[in-house]
Each structure stands twice: as C-alpha cells, then as structure tokens.
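The sequence shown: position 561 = 547 (this note's numbering), numbered continuously.
The beta-carbon is built from N, C-alpha and C at its ideal position, and this holds for glycine as well.
Report on the following structure.
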Amino acid sequence: MGSDRTRGMRRGLTSYGDPAFSLYLRKAFIKAMGYSDDALDRTIVGIANTFSGYNACHRNAPELCEAIKRGVMLAGGLPVEFPTISLHESFSHPTSMFLRNLMAMDTEEMIRAQPMDSVVLIGGCDKTVPAQLMAAASADIPAIQVVTGPMVTGSYRGERLGACTDCRRYWGMHRAGDVDQAEIEEISGKLAPTAGTCMVMGTASTMACMTEALGMMLPDGAAIPAIAADRLRHAEAAGRRAVALAEDGLAPSKIMTSAAFANALRVLLAVGGSSNGLVHITAVAGRLGIEVDLEAFDRMGRETPVLVDLKPSGQHYMEDLQNAGGMTAVLRELEPLLDLNCLTVSGKTLGENLAAAPSSWEQSVVRPINSPVHPQGGIAVLRGNLAPDGAIIKQSAALPALFKHRGHAVVFDSLEDLAARIDDPNLQLSADDVLVLRNAGPKGAPGMPEAGYIPIPKKLASEGVNDMVRISDARMSGTAFGTVVLHVTPEAAVGGPLALVRTGDLIELDVEARRLQLEVDAAELERRRAAWRPPRIPHGASRGYLKLYLQHVTQADRGADFDFMLPPLNGRMTP
Ligand code: FES
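What follows is the structure in structure tokens.
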C-alpha cells in the first residue's frame, strides 16, 4: 500500500487514537473480504448501489454495479460497492421529497466515512439523482453519476404506453367513467413494463438530462434504456473513468460551476422538463453556495425554445430520444446558448465532448432550434402579491387558452380537505374557477408532495372539462400536464399570502406578463393576516427526522434543502 495518507485505504481512518493501529485493523477486516495486498494498494472507487426490493426503477442496479466494477478493474482500480438509502416515488410515505434530504445526508456521510478516492453514484428514480448530486457537491471527492436509465414503452391493445403520463391519462378517463374497473386494472399491468425509470420527460428523465448537461455524467448517458446493452457499456466506461478522475483529483466543485448550472437550466427548458428539475438543481447549487437566479432563469426561458418532443408535453418517449441521438443531439442544437467551456467528468469540456461525438442525423424527436416544439422554454416564473418569492408554471404542459385567466378561487385547506371535497357533488364551482390548494408546501404537508396536479372535480370531468387553472404551494409530477401553478413561495404554512385566500376571491393568472395576483385589497389582506393561525403541527413532529425536517427545511426558492446543510451563499448566481 502506498504511503499517501490521503489515498486508498488510508483515507479517513477510524479514530482509535493510533493511526497505525487504525490502518492495521482496517486491513485486517477488509482482508476478510478476500482482497490481496495488491488490490488494497489500488485506487479505490466506491460505488453507491441503490438497489432495493422496493425500487423497480433501480431493478438493474446490480448489473450496472457489475459493469462499473469491470470498468474500474480494467483501469487498474479496486471497486468497492456500498449501500445507501434508495427512494422510489410510490414507496415513500408521505412523499419521496420528504426523504430526499435524508438520502443526501446518508450518501454524503457514507462517501466521507469510507475510504474511496472517487465514487460512482447509481441513481435514477426522481429523488435519487438530486440527493446524490447534493451529496457529491458537499463531500466534494471526484464523482460520476450513472443513472439506471428509462424503461422502454409498453403496449395496450395496440397503443404505446408510458409511465406515468399515460397512468394519469387513463386514471382521468376512469374518473370520468370512460374506463371501467376491469380495464384500469389491466392497464396497470402494462404501464411499467421493464426495469428503469419513467420513460417520459418526467423528473427522472429531466434530472438525467440536466446531469449530463451539468457535466456530472459521461456523454450520452441520460437516455440509454435501462435494459439496453449500451447502458452496461456506459456503466463500464463510468467505472473506467472514475479511476482516472480520482487520479486527476477532478472534484465536483470544479465541474458544477455557476456556468454549468446555467447549462443544466437551459437543458431543463429545452427538453420541456419537469418543474421539479428547478427545485432539485437549486438544492444542488445551494450545496456549493451558488444561488439560482429565478429572474435570470425566466429570461432564459424566453429565449430557450423547447426542442424535445417527448411526453407529457409532446409525443415521444425516452427510447425515441436515444434513437434520435440522445443528449448529444439536444446539446448540439443548443450550442449557441450554452457555455461550452465547462469542464465535465470526461476530463474534457462540454464543447470538446460534442466535437468528439458521432455526427447527428435527421430525425423528428429533437427539433432544430429554428423550428422548435415551442418557441419558449417549458417553465415560466410568476410573481405577484400571491407569490412574492415566486411560483412557476410548466407552460409547455399547460392549455394556452388559460394562459391569461381570471377566476374565482375555490380553496382547499389541506390534502385531506382536497380528498374529502373535490368529488363532492355539492361542491359549487364552474370550469372558469381557480382551484387553490394550500398547506402542501415543504413544511405544510410536510415534504412538498406532488399534489399540485389537483384532479378536475368529478362532476366537471364528466362534463368533459379536462383542464382548469390550479394553484398550490405543492409540486407536480413531471409526468403530469395541465395549467398548474406550483411552488407558490412563501408557502401557506409559514404565513405566505396563499394562506389568506378565501373561496370566491378573484385571482388573475397572466403567463405572458408573468403575473399571479390575488385581487383583494391590501387592507383586507392585513385583516386576514392578523386573524391567521399556523396549521396544527403534524402528528409525530416532536421527535426524529420529522422534527428535524420541520425545523430546518427551506422554501422552494432555496431548493427545500435543510438550512444547516448549506454553506453561506458566496455571491455566485447562475448567469
Ligand atoms: Fe421512478 Fe417514475 S417512479 S422514475
């Protein structure tokens, strides 16, 4: 074993007060794994293996792990896999967002605690990649992100199906009475037909694309299907590269710069990505003291067209994006709007990666920049007296006829209130009304669940209404669609203006003017504020992780990370 105390098995020794004894004991135990002295003398690459029996999106993590190990060994290193928390959207009560910060802390501390010179992070499902990038930013040892990759599409009676845009579409039809119980059961067996992540441009796909643009993933790793042989070759390449990355000492903070975050935000807009991408990338940037400038992001949105024609905004699926040239095709079209000098985990700049990639070909999934799917980016930032610190709308998934709309509020005070009353036949409302859900933000729900996609009340759905203006302090799944205003900040549970809205108030949404306004005069709002009381503390909040979460989670505009995980902002903002 080399004598460098900062490398390999000598890194971060357990504290026994005698470093030589600590190393001796460590070697004694690691030898029980059957390693030779030669193996233990190599560059060590940790592999965060997030396989879990509860996480079908990570079903292929073990074979990716084997491919990464092969790559590490081909490059002369020693791979050592280790487990961390794994989160799947449908198996995370009350919501995976509540647990994202816990996974980030777990991953960061395991990277720090265990001896490794670099780390390959296997993520995929929505919150796992953000958590791993947050961890990588904070631990700041060389790191490469590998994703499990998207599922390939299923088929139902000749129709191509994908999770979970089509899950929602069919559920909407079921609610409207057009699809019966037996059929909806049959469809549920077709929506997620393989290992991998949701194959539309939901949060998992969005985060994969943004991670590649950010420079934390090897080129073209975002869209390869989970079950493709190329996915394993990509993993092998990541393992191989992780050895060189360790030797170069190319840490995440050198890759995830303000300019790199701006590239990732451009890609979020250009792929028509999930609104969750914004809150997650804000959290990752925050770990490096970098602030996402929402005004700059909105300006970016006005000049960045949507180029990728994928569901839920468009028609195709992730395997089609891969067949169209993957992220290289997207980044090539976006070149004039990107900072090509940003360094990536390949050791080359983004521009060099693009120059080295195979040439693009004619296809219909990634549009040319002068003939986009939408002329403006997928997400707009709204301000107004209802959202002083901002709110967002995924305009690419919204109904243009509702972009400028004035309507009376129908207020739901909580998720429970929504569930209890939304389908009440006596609920007084019309399609022109504005559905408002509050106390569903980071502290309110808690965990800022994906409840912003408020269902169309059954009695309106059955009349054929399929979209209404909906406003909340919650998030929305990237696979959902509709005229849905999200992330209203500050949230109602901390006394944001959303807490003061009453059923019958007029609300104006003007997407073009970026305005969200509650048409109630200031004096009346002050009276309501004086009478406002915070919602009751949730059950179980006197101890444990929930207590920690409620005390320290930040608002959406700071990424809903924990305040104590953030370094002081260093004045760096995304351009
Ligand atoms: Fe895992 Fe959709 S549930 S990516």
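For residue i, the nearest candidate out of the options (CA to CA)
i     : options                    : result
T243  : R252, I276, I213 and G263  : I276
L423  : D403, D284 and T465        : D403
V367  : T29, R285, R488 and M203   : R285
G259  : A232, Y303, A224 and G481  : Y303
G464  : G300, L413, E289 and L317  : G300
P441  : A508, F467 and T314        : F467
F247  : S1, A224, C195 and G110    : C195
A426  : I408, H473 and T114        : H473
I130  : F77, A237 and L446         : A237
I54   : A223, G182, A123 and R154  : A223
G311  : A343, P298 and T290        : A343
L255  : W157, V331, M454 and I379  : I379
G(-2) : L320, R98 and G433         : R98
L50   : M187, D4 and I210          : I210
R143  : E169, A230 and H538        : E169
A341  : R(-4), R353, V292 and N327 : N327
A214  : V133, S448 and E477        : V133
S448  : M193, R86 and A417         : A417
C184  : A162, G62, A232 and A212   : A212
A395  : P428, G175, A162 and V455  : V455
E67   : E75, A269, V58 and D4      : V58
E319  : D453, S78, T290 and K390   : T290
A125  : G148, E94 and H391         : E94
A542  : E233, S357 and V265        : V265
Three-state secondary structure (DSSP) of residue i
i      : result
M(-13) : Its pLDDT being 39, under 50, M(-13) is placed unreliably in this model, and the value from its coordinates should be taken loosely. Of the three classes helix, strand and coil, the one that applies to M(-13) here is coil, per DSSP.
Q541   : coil
Y535   : helix
H74    : coil
Y142   : strand
L423   : strand
P374   : strand
G312   : helix
L324   : coil
V278   : coil
I574   : An answer regarding residue 574 cannot be provided, because it is not within the stretch -13 to 561 covered by the chain.
L64    : strand
K380   : strand
R501   : strand
N556   : coil
I365   : strand
P5     : helix
I442   : coil
V165   : coil
V292   : strand
V58    : helix
I30    : strand
heavy atom of the ligand FES below 7 Å from residue i C-beta
i    : result
E95  : no
S261 : no
C195 : no
D206 : no
D562 : With the chain covering only -13 through 561, there is no way to say anything about residue 562.
A190 : yes
A478 : no
E321 : no
E75  : yes
T335 : no
T139 : no
T183 : yes
A149 : yes
C43  : yes
Cross-strand partners of residue i (DSSP beta bridge)
i    : result
L625 : As displayed, the chain neither begins before -13 nor continues past 561, which places residue 625 out of reach and without an answer.
F548 : V539
P69  : N35
I523 : Its beta-bridge partners do not exist; DSSP assigns none.
H220 : Looking at the DSSP assignment, H220 forms no beta bridge with any residue, so it has no partner.
I267 : For I267, which the question treats as bridged, DSSP gives no partner whatsoever.
T335 : L329
L147 : G140
H44  : For H44, which the question treats as bridged, DSSP gives no partner whatsoever.
H360 : V292
Where are the beta strand (DSSP E) runs, 3 residues long or more, that stay fully inside the stretch 444 to 476, in chain order? Listed in chain order, the beta strand (DSSP E) elements of length 3 or more contained wholly in the stretch 444 to 476 are 455 to 458 and 470 to 472.
Threshold first: 4 residues or longer. Then list the alpha helix (DSSP H) segments lying entirely within the stretch 76 to 131, N to C. With a minimum length of 4 residues, the continuous alpha helix (DSSP H) runs that stay inside the stretch 76 to 131 are 82 to 99 and 114 to 125.
Alpha helix (DSSP H) segments (min. 4 residues) lying fully within the stretch 180 to 238: You should have 189 to 200 and 215 to 234.
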